[in-house]
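All residue numbers for the sequence shown refer to numbering that gives the first Met the number 0, where the first residue is 0 and numbers rise by one. The beta carbon of each residue, even a glycine, is placed where N, CA and C say it ideally should be.
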Amino acid sequence: MDPDPHPYFHSEETGAPFRDCISCGLSLTHDPGQPYLVAKSYRGQECIFEYAICEDCRANLASEFSNESQEALTSYFMQKAKLLDRSRFLDFGESIEPWIRECAGCGTLRSEAATYSLGGILQGTSVVFDPYPICLCGKCEEEIQALLSLKTQGIWDDFVETHFDGPPGYTEDFPTRGRPALL
Ligand SMILES: [Zn+2]
Ligand SMILES: [Zn+2]
């Protein structure tokens, strides 16, 4: 039996592992070979936003992004967040904490960031390592959002509007000008 994913990537709402893709609604474990992303945003200790999305839907969403936005994201994650250097955390075995101890963009400790987001790739109920799990502070998330073209920002806004219903204005709580993290 697979161990549960660490509570880091449990749903705060249910206290249990995520079950369905936010986009297509399919069970995240219907295809044990398909990974999925869990993203959670925090203000201090409080989780203000969370979702899980299957790899197919994530790829579909990304493919709608403009070429320049895709390139900007790739170059950010390669150069600033140094995704290729993260293998060093494998030295810590199965421990998740070293991967998300500090912001991958600027090195600010998670414990000292006013807002931050966590991203994890899971398969079944196991966490898939390298380059995720990852932490980005609110400031770096804003930097990333600013790299996106207006068209891409609109696509992301539409996605959020379609899939999340909260009280009016609740998105103002997000670390990034009304948008949740894009991980
Ligand atoms: Zn899906
Ligand atoms: Zn940062």
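Span of the beta strand (DSSP E), counted from its first residue to its last, around residue i
| i | result |
| --- | --- |
| SER68 | Looking at the DSSP string, SER68 is not in any beta strand (DSSP E); the run it does join, the alpha helix (DSSP H), is 66-74. |
| ILE143 | Where ILE143 is concerned, there is no enclosing beta strand (DSSP E), although the alpha helix (DSSP H) it sits in stretches over 137-146. |
Spatially closest choice to residue i from the options, by CA coordinates
| i | options | result |
| --- | --- | --- |
| LEU72 | GLU160, CYS139, HIS162, PHE158 | CYS139 |
| HIS9 | LEU36, CYS23, GLY137, ARG42 | LEU36 |
| ALA61 | VAL159, HIS162, TRP155 | TRP155 |
| PHE163 | GLY106, GLY92, THR13, TYR50 | TYR50 |
| SER94 | ASP157, SER125, HIS29 | SER125 |
| LEU108 | ILE120, GLY92, ILE133 | ILE133 |
| TYR7 | ASP19, HIS29, GLN44, LEU27 | GLN44 |
| ALA38 | PRO31, LEU121, MET77 | LEU121 |
| GLY32 | ASP55, GLY106, TYR115 | ASP55 |
| SER116 | THR28, LEU135, SER68, GLU96 | LEU135 |
| ILE21 | ARG42, PHE48, TYR41 | PHE48 |
| CYS53 | ASP19, THR151, ARG100 | ASP19 |
| GLY14 | GLY92, CYS23, PHE76, CYS46 | CYS46 |
| GLY123 | HIS29, GLU12, PHE76 | HIS29 |
| GLU67 | LEU146, GLY153, GLU160 | LEU146 |
| ALA113 | GLY106, LEU27, TYR41 | TYR41 |
| MET77 | TYR131, PHE17, LEU149 | TYR131 |
| CYS102 | SER26, LYS81, GLN69 | LYS81 |
| ARG57 | LEU27, TRP98, ILE99 | LEU27 |
| GLN69 | THR151, ARG85, GLU141, LEU25 | THR151 |
Secondary structure of residue i, DSSP reduced to three states
| i | result |
| --- | --- |
| TYR115 | strand |
| ASP55 | helix |
| PRO34 | strand |
| LEU182 | coil |
| GLU96 | helix |
| GLU11 | coil |
First and last residue of the uninterrupted alpha helix (DSSP H) at residue i
| i | result |
| --- | --- |
| LEU149 | 149-162 |
| CYS105 | No alpha helix (DSSP H) contains CYS105, which DSSP labels as neither H nor E. |
Bridge partner(s) assigned by DSSP for residue i
| i | result |
| --- | --- |
| GLY78 | The question names Gly, but residue 78 in the sequence shown is Gln. The partner list for GLN78 (beta bridge, DSSP) is empty, contrary to what the question assumes. |
| ASP19 | SER26 |
| ILE120 | LEU36, VAL127 |
| GLU190 | The requested residue 190 does not occur in the structure, where the chain is confined to residues 0 to 182. |
| ILE47 | Answer by DSSP bridge pairing: none, since ILE47 is not bridged. |
| ARG42 | GLU45, THR114 |
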